[in-house]
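Engineer: Okay, here's the structure, questions in a sec.
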Amino acid sequence: MTDGSKKTAQTKHTKLLIVGSGPAGYTAAVYAARAGLDPVIVAGMQPGGQMTTTTDVENYPGFENPVQGPWLMEQMQKQAEKFGTEMITDEIVDVDFKANPKKLTGASGREYTADAVVIATGAQAKWLGIDSEEKFKGYGVSACATCDGFFYKDKEVVIVGGGNTAVEEALFLTQFVDKVTLIHRGDALRAEKIMQDRLFDNDKIEVMWNTELDEVLGTPPGTPGAEMSEIGVTGVKLRNNKTGDVTEKKVAGVFIAIGHAPATAVFKGHVDLDQDGYIKTKPDSTETNIPGVYAAGDVKDRKFKQAVTAAGMGCMAALEADRYIATLKAKPKLDAANKNTVQKRPAAKGPGGR
Ligand code: NDP
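Just so we're aligned: 403 in our numbering is position 205 of the sequence shown, and the numbers increase by one with no gaps anywhere.
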């Protein structure tokens, strides 16, 4: 069914539907609510987005001292709700942007229709894609040190990656663990200099250059005859990509911090994406190729990926959606005015009679 106007009892209609509840989604909501668009946020399965897995945030403007990521997101949510944003916990699993109004379906079975849509679904952690990583996910392999670091108190762990995330998470882990080894495939880190300085100054952190993780070792869940207490990671197999040397290292945990991929699977085929799945938008705009559909934050941003840039794009998306919705309201009046003009004209006298 493509007719978005056919509503079921489950259908929720709004002028502006915002998909995603990170800094982009909440900022879009604040601006849209203040513009009287009665926005609805479908918050997704991780309300607050990636910021909820961050501890100290030192670079969000307005705070002299570090603030906690989850706290900051809570404040953004409260601010959006204060102006009349409705929050719904659901996950969009299907979209129809050809329908009028645009139609989206939640995992709950609920349907949402909207005059305009802001996509602010952010990005998700990338994985190495090796079999043993998959086997041990949640049993010693994690992509979130903030969430799982606590479980490795007084133990030794490795973290894979060379960007800001890997360095930040390695530093965070030193609060709990005995030792962190940062495994990097290159011979120089991508992370900012200030972060690198902190890393190299920390006695609990060692860096292994030109090294790749080939295998996670241990007893995976589902191993026949294994006791629950035996399940988990015991080490890693590492390969030096210059010399080819393979070594084993005893560790209790493996953290993967190699970047993020945009959360756009559900929009594939419905809006234009680039080769890596980021939503394409017009220059200096959040407009996608579909009129009335906007994209803001990490879901369209491969370059900056900051909470503050995401928030800025959320603001842009709400302003652009507001203007688009205003043109929809104006359209029937224009059509009516045109009709009147046509009616006043004398009837055409045949082909080319005008
Ligand atoms: P980045 O893309 O910056 O870094 C990813 C790292 O993972 C790179 O070092 C890359 O290696 C490595 N990598 C990628 N794929 C693989 C693979 N298959 N195997 C081994 N290593 C791999 O991602 P981040 O998540 O670190 O950062 C994303 C953005 O977010 C950046 O712009 C960053 O500055 C920002 N950020 C800012 C923070 C802050 O300001 N507090 C905190 C965290 C992130 P290589 O270098 O060889 O390509």
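No residue lacks a Cβ here, since even glycine has one placed at the ideal position from N, Cα and C.
Are the beta-carbon atoms of Ala227 and Thr283 separated by less than 8 Å?
Structural biologist: Their beta carbons are under 8 Å apart, which means Ala227 touches Thr283 by this criterion.
Engineer: Look at the Cβ atom of Val293, then the Cβ atom of Ala305, and state whether they are nearer than 8 Å.
Structural biologist: No, the Cβ-Cβ distance between Val293 and Ala305 is not below 8 Å.
Engineer: Pull every residue with its beta-carbon under 6 Å away from any heavy atom of ligand 1, and keep them in chain order.
Structural biologist: Listed along the chain, these residues meet the criterion: Asn257, Leu326, Val358, Gly359, Gly360, Gly361, Asn362, Thr363, Ala364, Glu366, Arg383, Gly384, Arg388, Ile456, Gly457, His458 and Lys503.
Engineer: State the beta-bridge partners of Ile239 as determined by DSSP.
Structural biologist: Per DSSP, Ile216 and Met285.
Engineer: Taking just the CA atoms, how far does Leu369 sit from Asp254?
Structural biologist: Between Asp254 and Leu369, the C-alpha separation is close to 11 Å.
Engineer: Asn439 to Trp407, Cα distance in whole Å?
Structural biologist: Spanning the two alpha carbons is a distance of roughly 9 Å.
Engineer: How long is the line joining the alpha carbons of Leu436 and Pro259, rounded to whole angstroms?
Structural biologist: About 40 Å.
Engineer: Go through the stretch 337-393 residue by residue and report every complete run of the alpha helix (DSSP H) that reaches 4 residues or more, in order.
Structural biologist: Correct list: 343-346 and 362-371.
Engineer: Using beta-carbon positions only, say whether Val358 and Gly451 come within less than 8 Å of one another.
Structural biologist: No. Outside cutoff.
Engineer: Run the CB neighbour count on Asp470, radius 10 Å, all protein chains shown included, and call it buried at 16 or more, exposed below.
Structural biologist: Its Cβ having fewer than 16 others within 10 Å, Asp470 is exposed.
Engineer: Can you list the beta strand (DSSP E) stretches of 3 or more residues lying completely in the stretch 447-491, in chain order?
Structural biologist: Those beta strand (DSSP E) runs which fall completely within the stretch 447-491 and span 3+ residues are 451-454 and 458-460.
Engineer: Mind checking Lys466: buried by the 16 CB within 10 Å criterion, or exposed?
Structural biologist: Lys466 comes out exposed.
Engineer: For the pair the stretch 311-328 and the stretch 210-223, tell me if three or more CB-CB distances fall below 8 Å.
Structural biologist: Result yes; three or more Cβ-Cβ pairs closer than 8 Å.
Engineer: Looking only at its chain, what residues have a beta carbon closer than 6 Å to the beta carbon of Gln277, apart from the 5 residues adjacent to it on each side?
Structural biologist: Cβ neighbours of Gln277 beyond the five flanking positions: Val228.
Engineer: With a threshold of 8 Å, are at least 3 pairs of Cβ atoms found where one atom belongs to the stretch 477-496 and the other to the stretch 382-398?
Structural biologist: No, they do not touch.
Engineer: Excluding five sequence neighbours on each side, which residues of the same chain lie with their C-beta closer than 8 Å to the C-beta of Glu279?
Structural biologist: These residues qualify, in order along the chain: Met285.
Engineer: Is the Cβ-Cβ distance between Gly338 and Phe374 less than 8 Å?
Structural biologist: No, the pair does not count as a contact, with Cβ atoms beyond the cut-off.
Engineer: Give me, in chain order, the residues of the same chain whose beta-carbon lies closer than 6 Å to that of Ala314; leave out the 5 immediate sequence neighbours on both sides.
Structural biologist: Excluding sequence neighbours, Ala314 sits near Leu214, Gly490, Ala519, Tyr522 and Ile523.
Engineer: Taking the alpha helix (DSSP H) that Gly223 belongs to, which residues open and close that run?
Structural biologist: Run containing Gly223: Pro221 to Arg232, per the alpha helix (DSSP H) assignment.
Engineer: Measure the alpha-carbon distance for Thr441 versus Leu411 and round it to whole angstroms.
Structural biologist: Cα to Cα, the separation comes out at about 14 Å.
Engineer: Give me the residue from Gly242, Asp236, Leu235 and Thr225 with the minimum Cα distance to Leu270.
Structural biologist: Closest by alpha carbon: Thr225.
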